[in-house]
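Residues 1313 to 1883 in my numbering are what the first sequence lists, from first letter to last.
Data first, discussion second: the structure below is written as structure tokens.
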Amino acid sequence: MDKAEIIRALRELSLYLEIDGENPFKIRSYLKAADTLEHTQESIEELINTNKLRELEGIGEAIEKKIISLYKGEPVPALEKMRNKYPESLLSLFSIPFLGGKRIKVLFEHLNIKTIEELKNACLEGKIANLPGFNKKIENKILKGVELISKWEGFHLIDKGYEIANEIVNKIVGISNIDEVYIVGSVRRFTETINNVDIMVVTQDKSEVIKKIEKELDITTSQKSDSNSVEFIYKNIKLNIHFSEPHNKYTKLFYYTGSKDFVEKYKFALKRKGFEVDKEFNIFHHKNRIEVLSENAIFELLNEPYLPPEVREILYEEDILKKRIDRLIKEGEIKGIVHCHSNYSDGHNTIEELAEYCKDNGYEYLVVCDHSQSAGYAKGLNIDTVRKQHDEIENLNIKLKPFKIFKGIECDIRLDGTLDYPNDILTTFDIVVVSVHSKLEMDENIATQRITCAINNPFTHILGHPSGRLLLTRAGYPLNYEKIFDECLKNNVAIEINAQPQRLDLDWKNVYKGMCRGLKFVITTDAHDIPDMRYLSYGVSIARKGLLTPEDVLNTYPAEEFINWFKKKKR
DNA sequence: GCCGTTTTCGGCCCGACTGTTTTCAGTCG
């Protein structure tokens, strides 16, 4: 087994033990060990061969033994026992809100419920309200959760899409008879979630290439196909391989990148200009096929500016789009990394390690934002720890000069809209990011009021992950965005674009709307370790989809300008 | 399960919400 599979097995075991009613600390120890392994740079081979597993936090004798067995592909008795006792499909029930190990066990033992489908039917028949640990309200909440999960079935986060798309490109690009390979579809356009990966292959020998791709990817079940595309399932994701020939690769690149509505709009515009467009997006003029030598050439036919894939959507006002399209923000323009967690709270790196990473990668500043005191689950900082952290930052600022570390905090917004520290502590931070982490079940009025109150707090600088959504897991609370945007403008508060792939919050459509109202943004990594820093590019893609330019994004500003923007605040 | 030790075993992250069981179990972040 490789490292990822071992980590999955440890987490699987912890879920089984939760159903089995084991000691909660034992359950947590497997999760902790999996977490540690995930955040360790060394390969699993190295850790085992140099006997270093036990040196890692949370890995003792028993878990070490299990990891070694898993690595060698030998059975782990504890895991085998659980797999024999409970069906594997039972674990999928953990994705439903309000279902934990205890209730899942009751469902299994009383009604033999093993799948989400069976759970849904039992809810609809009103069978679970009377079970021990359940009631009518919980039954309704579970049914609601099941319906949400079903809506997202088959969808994946964009990072998974990228990972799979790149893996496929790397695997097939060397196949003889393939001229070129492109990532197309929603992955190329950077939608936050995807339900398939689209790859376009340029070849003159389609049937031969299909066979070779099947062999290379070890997939044989071609689900359905037409003359241009073949559909497979690869690692649980729907994979479409589209084909083009060298002479029509750019029109097909445009066509398969989409979005569907965007392509339709351009097709219509071409027809209005006197061109003919066939089903495969070949373009003709007076029956003569036009040689299209780049994607840009399609835009030129319409005297339109080239639009990068991220903005090939139907949303924008034409004049706003045209004014901004040449100046869309680029990743290289980001000068400071904002909202990172250190090992003071639930991050895995020291502040110095984070700062060194930023420095080495050419950034000018870092804003450390650990969790505030009421976030006990994430080791939120009490007041003494805040002071200790500030001393450390001051010392590091002397050591690392001219690199600058700002004292930030991700401060919880409490249910009544107040912040999680008294004013005399809030005033010691350079940057206060305010976020909602708990009590998320709110209607639009309550949520808007709570967040408005936090925006109006004189110490607030940035509103963090505004919607509270976790993509494909949790919808987040509804908000009156117009009101929130206006309050931010009034109070000189910026809005975060959180680049974590499960958040991507603020949503790009709202980024566009906020930009139109004149809001300022900060693209943050919300990194909990150094590898998480790679997500910055995701945040930049969301900003580009929202048509942001560097002027709209405060962390493209040099350190002094960045911090001065917030000083305009009236206290 | 792990960890730190008074090296044999107690503590481990915890406050808040929910529904209803008026004292707590289950779940969540």
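Ideal placement from N, C-alpha and C gives every residue a C-beta, glycine not left out.
- Task: Enumerate, from N- to C-terminal direction, the unbroken alpha helix (DSSP H) stretches of 4 or more residues contained entirely within the region 1508–1596.
- Result: Fully enclosed alpha helix (DSSP H) runs of 4 or longer: 1518–1529, 1561–1569 and 1572–1584.
- Using the rule of at least 16 other Cβ atoms within 10 Å of the residue's Cβ for burial, across every protein chain shown, is P1778 buried or exposed? Here residue 1778 is taken as the residue at index 466 of the first sequence, counted from 1. By the 16-neighbour rule on beta-carbons within 10 angstroms, P1778 is buried.
- Starting from Y1494 and walking both ways along the beta strand (DSSP E), at which residues does that stretch end? For this step, residue 1494 is matched to residue 182 along the first sequence. Start and end: I1490 to V1496.
- Message: Report the CB separation of I1506 from I1470 in whole angstroms; it is logged as a contact under 8 angstroms.
- Response: Taking the first sequence and counting its residues from 1, the one referred to as residue 1506 is at position 194. Taking the first sequence and counting its residues from 1, the one referred to as residue 1470 is at position 158. Contact flag correct, Cβ pair sits at about 6 angstroms.
- Message: Quick check on the DSSP output: the beta strand (DSSP E) that includes F1718 runs from which residue to which?
- Response: Reading the first sequence from its first residue, position 406 is the one you call residue 1718. Note, F1718: beta strand (DSSP E), K1716 to D1724.
- Message: Going by DSSP in three states, T1505 sits in which element: helix, strand or coil?
- Response: The residue given as residue 1505 occupies position 193 in the first sequence. T1505: strand per DSSP, three-state reduction.
- Task: Compare the beta carbon distance of S1606 and Y1562 with 8 angstroms and say whether it is the shorter of the two.
- Result: In the first sequence, counting from the first residue as 1, residue 1606 sits at position 294. In the first sequence, counting from the first residue as 1, residue 1562 sits at position 250. With respect to Y1562, S1606 sits close: the two C-beta atoms are nearer than 8 angstroms.
- Query: How big is the Cα-Cα spacing for E1284 and I1531?
  - Reply: The structure shown does not extend to residue 1284, since the chain is modelled only from 1313 to 1883, so the question has no answer here.
- Inspect the beta-carbon positions of G1457 and F1410 and report whether they are closer than 8 angstroms. The residue you call residue 1457 lines up with position 145 of the first sequence. The residue you call residue 1410 lines up with position 98 of the first sequence. Closer than 8 angstroms, so yes.
- Task: Thinking I1637 and C1681 are a contact (beta carbons under 8 angstroms), I'd like their distance in whole angstroms, please.
- Result: In the first sequence, the residue the question calls residue 1637 occupies position 325. In the first sequence, the residue the question calls residue 1681 occupies position 369. In this structure, I1637 and C1681 do not form a Cβ contact; the two beta carbons are roughly 32 angstroms apart against a cut-off of 8 angstroms.
- Per the contact definition of three or more C-beta pairs closer than 8 angstroms, is the region 1477–1495 in contact with the region 1447–1463? Two segments are said to touch when three or more pairs of C-beta atoms, one from each, lie closer than 8 angstroms; by this definition the region 1447–1463 does not touch the region 1477–1495.
- Task: Kindly give me the distance between the Cβ atoms of L1860 and V1823, rounded to whole angstroms, as I take these residues to be in contact under 8 angstroms.
- Result: To locate residue 1860, count along the first sequence from 1; it is residue 548. To locate residue 1823, count along the first sequence from 1; it is residue 511. Yes, L1860 and V1823 are in contact; Cβ-Cβ is about 7 angstroms, under 8 angstroms.
- Item | Contained alpha helix (DSSP H) runs [length at least 4] in the region 1426–1494, N- to C-terminal order | Runs of the alpha helix (DSSP H) inside the region 1426–1494: 1428–1436, 1448–1463 and 1470–1484.
- Query: How would you write the range of the beta strand (DSSP E) that E1367 sits in, first residue to last?
  - Reply: Taking the first sequence and counting its residues from 1, the one referred to as residue 1367 is at position 55. E1367 -> no beta strand (DSSP E), and no H or E assigned at all.
- Item | Span of the beta strand (DSSP E), counted from its first residue to its last, around E1863 | In the first sequence, the residue the question calls residue 1863 occupies position 551. Here E1863 belongs to no beta strand (DSSP E), and DSSP marks it neither H nor E.
- Would you decide whether L1614 is buried or exposed? Buried here means 16 or more other CB atoms lie within 10 Å of its CB. The sequence position of residue 1614 within the first sequence is 302, counting from 1. With fewer than 16 other Cβ atoms within 10 Å, it is exposed.
- Got a sec, what are the start and stop residues for the beta strand (DSSP E) S1747 sits in? For this step, residue 1747 is matched to residue 435 along the first sequence. I1743 to S1747 is the extent of the beta strand (DSSP E) around S1747.
- Query: According to DSSP, is G1333 helix, strand or coil?
  - Reply: Here the question's residue 1333 lines up with position 21 in the first sequence. G1333 falls in the coil class under three-state DSSP.
- Query: Leaving out five residues before and five after K1550 in sequence, what residues of the same chain have Cβ atoms less than 6 angstroms from its Cβ?
  - Reply: Within the first sequence, the letter at position 238 stands for residue 1550. If you ignore the 5 residues before and after K1550, its C-beta comes within less than 6 angstroms of the C-beta of N1508, all in its own chain and listed in chain order.
- So is G1333 buried or exposed if we call it buried at 16+ other beta carbons inside 10 Å? The residue given as residue 1333 occupies position 21 in the first sequence. Answer is exposed; the Cβ neighbour count stays below 16.
- Task: Identify every residue that forms a DSSP beta bridge with N1810.
- Result: Residue mapping note: residue 1810 aligns to position 498 of the first sequence, counting from 1. In the DSSP output, where bridge partners are listed per residue, N1810 has D1817 and T1836.
- Span of the alpha helix (DSSP H) holding Y1793? Indexing the first sequence from 1 puts residue 1793 at position 481. That run of the alpha helix (DSSP H) goes Y1793 to N1803.
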